[in-house]
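Participant: Below you will find the structure I want to go over with you.
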Amino acid sequence: MSSPSKAWDLTRMPVAAAVTVIPALENLSDTVPVPTPTLKSATDTTPDEVSIATAPAPAPGLAFASLAAAVAAQDMGGAMNDELECLADAVYFESKGEPLNGQLAVAEVIINRTTSGRFPSSICSVVKQPGQFSFVRGGRIPDAPSGQQYRTATAIAKIALADAWDSPAPKALYFHARRVSPGWNRARVASIGNHIFFR
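Residues in the sequence shown are numbered consecutively from 1, following the UniProt record's numbering.
Take a look at the structure:
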């Protein structure tokens with residue numbers, strides 16, 4: 001059974017430093033108003049919270065009927081900061097073609113690693129860490145094409161950074177493709193599309 005969407009989890013405090021993205025007026029029929037949470041000011045956050053929350057967030061107070069509606073509502077204009085670009089690249093190269101919730105789970109694994117204490121504390125450092133992601137070669141992320149799959153990956157990265165949708169793989173720190181069997185002794189969290197997620 002799937003859970004209803006959320007624009008914000010009121011038990012978590014998003015960072016006020018995030019830029020708000022307002023869906024186009026024609027998309028408002030896909031949204032449902034909910035109470036607006038209290039936001040922390042940027043001065044009350046740690047550097048890690050600020051670096052993770054620099055992506056534009058969905059408009060506070062708006063919930064989406066589906067993850068697809070949340071993806072469609074993301075503003076794709078403007079330049080991306082390095083952390084958002086690293087996350088979007090990782091989502092693209094690791095999960096393009098996967099269901100949207102599988103792409104979101106991949107993004108959340110990377111974000112979860114930044115706060116776990118077991119991995120580097122920045123998204124780009126997690127993505128470029130040796131031996132973690134097969135698309136990274138010599139600490140370099142290849143250029144991603146600018147097509148629809150990359151725009152979707154970017155929208156998923158923005159949603160993940162804003163914590164604007166319930167995690168399909170809560171607290172996952174690892175994942176692998178179904179076609180491989182690494183023999184991990186970790187708690188399985190979810191199986192989505194062609195990936196299996198672990199804690």
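Quick reminder that beta carbons are idealized off the backbone N, C-alpha and C, glycines included.
Taking Cβ positions only, does Q103 come closer than 8 Å to chain B?
Facilitator: As a matter of chain content, chain B is missing from the structure shown, which is built from one protein chain.
Participant: V189 lies in the beta strand (DSSP E); which residues open and close that run?
Facilitator: Along the sequence shown, one-based indexing puts residue 189 at 189. R188 to I192 is the extent of the beta strand (DSSP E) around V189.
Participant: For the pair the region 135 to 144 and the region 181 to 192, tell me if three or more CB-CB distances fall below 8 Å.
Facilitator: Because the criterion of three Cβ pairs below 8 Å is not met, the region 135 to 144 and the region 181 to 192 do not touch.
Participant: Between E98 and W165, what straight-line distance do the alpha-carbon atoms span, to the nearest angstrom?
Facilitator: Residue 98 sits at position 98 when you count from the first residue of the sequence shown. Residue 165 sits at position 165 when you count from the first residue of the sequence shown. Approximately 17 Å between the Cα atoms of the pair.
Participant: List the DSSP bridge partners of I141.
Facilitator: For this step, residue 141 is matched to residue 141 along the sequence shown. According to DSSP, which records beta bridges pairwise, I141 is partnered with nothing at all.
Participant: May I ask you to report which of helix, strand or coil DSSP gives F119?
Facilitator: On the sequence shown, position 119 is the one that residue 119 refers to. Residue state, collapsed to three classes: coil.
Participant: What span of residues does the beta strand (DSSP E) with F198 cover, start to end?
Facilitator: Counting from 1 along the sequence shown, the entry for residue 198 is found at position 198. Per DSSP, F198 belongs to the beta strand (DSSP E) from H195 to F198.
Participant: Compute the Euclidean distance between the alpha carbons of N194 and S95, then round it to the nearest angstrom.
Facilitator: The residue labelled residue 194 in the question sits at position 194 within the sequence shown. The residue labelled residue 95 in the question sits at position 95 within the sequence shown. Approximately 9 Å, taken between the alpha carbons.
Participant: Under 8 Å, do S116 and L173 count as touching if we go by C-beta distance?
Facilitator: Indexing the sequence shown from 1 puts residue 116 at position 116. Indexing the sequence shown from 1 puts residue 173 at position 173. For S116 and L173, yes; Cβs fall inside 8 Å.
Participant: Thinking A160 and A107 are a contact (beta carbons under 8 Å), I'd like their distance in whole angstroms, please.
Facilitator: Locating residue 160 in the sequence shown gives position 160, where the first residue counts as 1. Locating residue 107 in the sequence shown gives position 107, where the first residue counts as 1. Right, the Cβ-Cβ distance comes to about 4 Å (below 8 Å), so this counts as a contact.
Participant: What first and last residue would you give for the beta strand (DSSP E) that runs through A177?
Facilitator: Walking along the sequence shown from the start, residue 177 turns up at place 177. Its beta strand (DSSP E) spans residues Y174 to A177.
Participant: Flag this pair as yes or no: are the beta carbons of A169 and L87 separated by less than 8 Å?
Facilitator: For this step, residue 169 is matched to residue 169 along the sequence shown. For this step, residue 87 is matched to residue 87 along the sequence shown. In this structure, L87 does not lie closer than 8 Å to A169 by Cβ.
Participant: Looking at C-alpha atoms only, which residue of T152, S167 and V180 is the closest neighbour of A90?
Facilitator: In the sequence shown, the residue the question calls residue 90 occupies position 90. Ranking the options by Cα distance to A90, first place goes to T152.
Participant: Could you compute how far the alpha carbon of A144 sits from the alpha carbon of K128?
Facilitator: Here residue 144 corresponds to residue number 144 of the sequence shown, with the count starting at 1. Here residue 128 corresponds to residue number 128 of the sequence shown, with the count starting at 1. Approximately 15 Å, taken between the alpha carbons.
Participant: Leaving out the 5 sequence neighbours to the left and right, which residues in its chain are closer than 6 Å to Y92 when beta-carbon positions are compared?
Facilitator: Working through the sequence shown from its first residue, we reach residue 92 at position 92. Hits under 6 Å: A144, Y150 and A153.
Participant: Around the C-beta of D82, are 16 or more other C-beta atoms found within 10 angstroms, so that it is buried, or is it exposed?
Facilitator: The residue you call residue 82 lines up with position 82 of the sequence shown. Its Cβ having fewer than 16 others within 10 Å, D82 is exposed.
Participant: What does a CB cutoff of less than 6 Å around I141 pick up in its chain, not counting 5 residues either side in sequence?
Facilitator: By 1-based counting over the sequence shown, the position of residue 141 is 141. D89, listed in sequence order.
Participant: What is the DSSP secondary structure of residue 236, counted as helix, strand or coil?
Facilitator: Residue 236 lies beyond the stretch modelled for the chain, which goes from 1 to 199, so this question has no answer here.
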